[in-house]
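Residue numbers (my numbering), protein chains in the order written: chain A, 2 to 148; chain W, 2 to 148; chain U, 23 to 134; chain H, 23 to 134.
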Ligand SMILES: Nc1ncnc2c1ncn2[C@@H]1O[C@H](COP(=O)(O)OP(=O)(O)O)[C@@H](O)[C@H]1O
Ligand SMILES: Nc1ncnc2c1ncn2[C@@H]1O[C@H](COP(=O)(O)OP(=O)(O)O)[C@@H](O)[C@H]1O
């Protein structure tokens, strides 16, 4: 199978995150090898990454759009989300207190990237001062892969 | 209102026309000034133009994608569909026999562009040997415009 | 995206109900089913479009092709459609003058 | 995209039913409604998530914020949720240990 690639550019505004999810759903619908549940997980991860990208553009007040690219091939479905925000260091995100700690309730934010990591099979975050690219992969046969 | 622009690139294959329609719907949903019926008309016109673009790529067997751009502003919703096919002369399309003529039944095709012209407020087709661009506009207040 | 096609017999008529979106991707399936029916000797066909969410010129082409094929067998293809956005497409293209369009399957098959 | 929010009283509880997609676009509306309820003195709140089609971390943040606010008034916020894809999000983030999650509004309000 040759890869199918769909590219989408959206204004960096909250109301367009739903469109990113829609495109992922539609792309996944052409890929019968991904179970609905895994498509839902991928949509959630894409939504989190788009939300971060939009917030990153908001922070520096740029009119640039956020770019998504969805690629379906033999391995699975890959979605990349790219922004032109000022970047961050994904290895230095704060750890959350354990869930038994009442301090846990201080954390209304910071759940996005942990969710992304838990939901999809492969996550790659590349970030610099010029922007961030998040690559998410949902594999057709996750079981074949050694964690 | 600053213009919102969403851009989409799809593989030139029949199954992706539905995605183009979906993006137009989603874009229109953020534009409360367009009645549902007019959004349906625009979707149909976009679908016809995408179908033609995909067929044009199929005819020259190129792997290039078809590009769409949706722009929402104060005037209305504008969708452009661009392909890299070998072009055509829109002014030289055959006329259909009148509907009372039994020969009408010979025409299983050639209804797309007449439909596009009837459905949207503005149509602009620019075509050369390097490709075709179709620009469709659905205005917020079509009634203000003198036909 | 899926196209649903159901066939039932009603008197001398064969009723083909179409569900979902008819476009360049799904039209081939629709066309093949119609041709199959004609080949099986069904020459009085009612196409019920009330379950159709989207229909473009490719879909119109399938219907025109079906009608032509049936007429050449002294048969007919009539439609059932109550949706204004679908009827509009037939009107614009002048096909309301080519197809008999009914408001129900019972009306379309009344002389069965 | 619309977010539906309905409020009803059931015994000592206020039940807020959420419908549609909760994401960064719709979450502010959800957050405001919750804060409004607390301000009106509703301190025992049940959030019914069974009508929710999508919920992301912004939605989780609204719920955590609501719970915190209510606890500071000696109140509580409990959830109703039977959808596995939504429950999964609470499990991954450890929030199943923070929120009481019930299978029905009746169960959530049983001590009314
Ligand atoms: N695309 C991005 N560009 C810049 N910073 C980012 C990006 N994605 C995440 N971050 C940073 O990482 C933090 C944690 O992100 P996340 O786990 O999604 O939680 P939240 O967005 O709720 O804070 C963000 O607050 C932000 O500082
Ligand atoms: N984007 C395009 N590139 C090249 N040729 C085109 C394009 N759009 C339309 N055409 C030409 O115009 C003709 C009429 O198009 P249309 O009215 O949509 O009907 P149909 O596609 O059913 O033939 C097509 O058959 C094709 O030859």
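A virtual CB, placed ideally from N, CA and C, is assigned to each residue, including glycine.
If you compare alpha carbons, which of A/81, A/111, A/44 is closest to residue 116 of chain H?
A/111
7 angstroms Cβ cut-off: residues of chain A touching residue 43 of chain H
19
Sequence ranges, alpha helix (DSSP H) only - wholly within the stretch 35 to 82 of chain A, length at least 4
37 to 61
How many whole angstroms separate the CB atoms of residue 76 of chain U and residue 129 of chain U, which I take to be in contact at a CB cut-off of 8 angstroms?
Between residue 129 of chain U and residue 76 of chain U the Cβ distance is about 24 angstroms, and since that is not below 8 angstroms, they are no contact.
Just to check my reading of the structure: residue 27 of chain U and residue 53 of chain U have Cβ atoms closer than 8 angstroms, yes? What is that Cβ distance to the nearest angstrom?
The Cβ separation is near 11 angstroms, so there is no contact.
Under 7 angstroms from the C-beta of residue 79 of chain U: neighbouring residues of chain W:
49, 112, 113, 116
Spell out the partners DSSP gives residue 128 of chain W in its beta bridges.
W/133
Nearest to residue 48 of chain A (by Cα), restricted to the options A/60, A/87, A/26, A/33
A/26
Would the C-beta of residue 84 of chain W count as close to ligand 2, meaning under 6 angstroms from any of its heavy atoms?
yes
Please indicate yes or no: does the CB of residue 14 of chain W lie closer than 6 angstroms to some heavy atom of ligand 2?
no
Tell me whether residue 33 of chain A, by its Cβ, gets closer than 6 angstroms to a heavy atom of ligand 1.
no
Where does residue 17 of chain W sit, in a helix, a strand or coil, going by DSSP?
helix
Rounded to whole angstroms, how far is the Cβ of residue 80 of chain W from the Cβ of residue 137 of chain W, which I believe are closer than 8 angstroms?
5 angstroms
Status (buried if at least 16 other CB within 10 Å, exposed otherwise) for residue 208 of chain U
Chain U is shown from 23 up to 134; residue 208 of chain U falls before or after that span and cannot be answered.
What is the rounded straight-line gap between the Cα of residue 134 of chain W and the Cα of residue 127 of chain W?
5 angstroms
What residues of chain W sit near residue 91 of chain A, judged by a beta carbon separation below 7 angstroms?
Within 7 angstroms Cβ-Cβ: nothing; residue 91 of chain A doesn't reach chain W, min ~27 angstroms.
Quick one: is residue 71 of chain U near chain W, going by C-beta distance under 7 angstroms?
no
Check whether the Cβ of residue 26 of chain H lies closer than 7 angstroms to any Cβ atom in chain A.
no
Inspect the CB distances between the stretch 28 to 44 of chain W and the stretch 42 to 59 of chain A and report whether three or more fall short of 8 angstroms.
no
Under the three-state DSSP convention, the category residue 52 of chain H falls into
helix
I'd like the span of the alpha helix (DSSP H) that includes residue 106 of chain U, first residue to last.
106 to 114
Comparing the C-beta of residue 115 of chain H with each C-beta of chain A, is any distance below 7 angstroms?
yes
Which same chain residues, not among the five before or five after residue 82 of chain W, have their C-beta less than 6 angstroms away from its C-beta?
50, 51, 54, 69, 135
In the structure shown, what three-state DSSP assignment does residue 128 of chain U receive?
helix
For residue 111 of chain U, return the contacting residues in chain W, with the cut-off set at a CB-CB distance below 8 angstroms.
45, 116
Measure the alpha-carbon distance for residue 33 of chain H versus residue 60 of chain H and round it to whole angstroms.
16 angstroms
What does the Cβ neighbour count give for residue 7 of chain A, buried or exposed, with the cut at 16 atoms within 10 Å?
buried
For residue 121 of chain A, which residues from the same chain have a beta carbon less than 7 angstroms from its beta carbon, with the 5 sequence-adjacent residues on both sides left out?
42, 43, 46, 137, 138, 139
Whole angstroms are fine: how far does the CA of residue 40 of chain W sit from the CA of residue 80 of chain U?
20 angstroms
Going by DSSP, what residues sit across from residue 47 of chain U in a beta bridge?
Answer is none; residue 47 of chain U lacks a bridge partner.
Same chain, Cβ closer than 8 angstroms to residue 31 of chain W, five either side skipped, listed in chain order:
5, 73
Taking residue 88 of chain W as the reference, which of W/61, W/129, W/20, W/10 has the closest Cα?
W/129
Per DSSP, residue 31 of chain U forms a beta bridge with which residues?
U/36
Where does residue 147 of chain A sit, in a helix, a strand or coil, going by DSSP?
The predicted position of residue 147 of chain A is uncertain, since its pLDDT is 46 and thus under 50; no value can be drawn from it.
Of all the residues that make up the stretch 31 to 64 of chain H, which are near chain A by a beta-carbon distance shorter than 9 angstroms?
43, 45, 46, 47, 48, 49, 50
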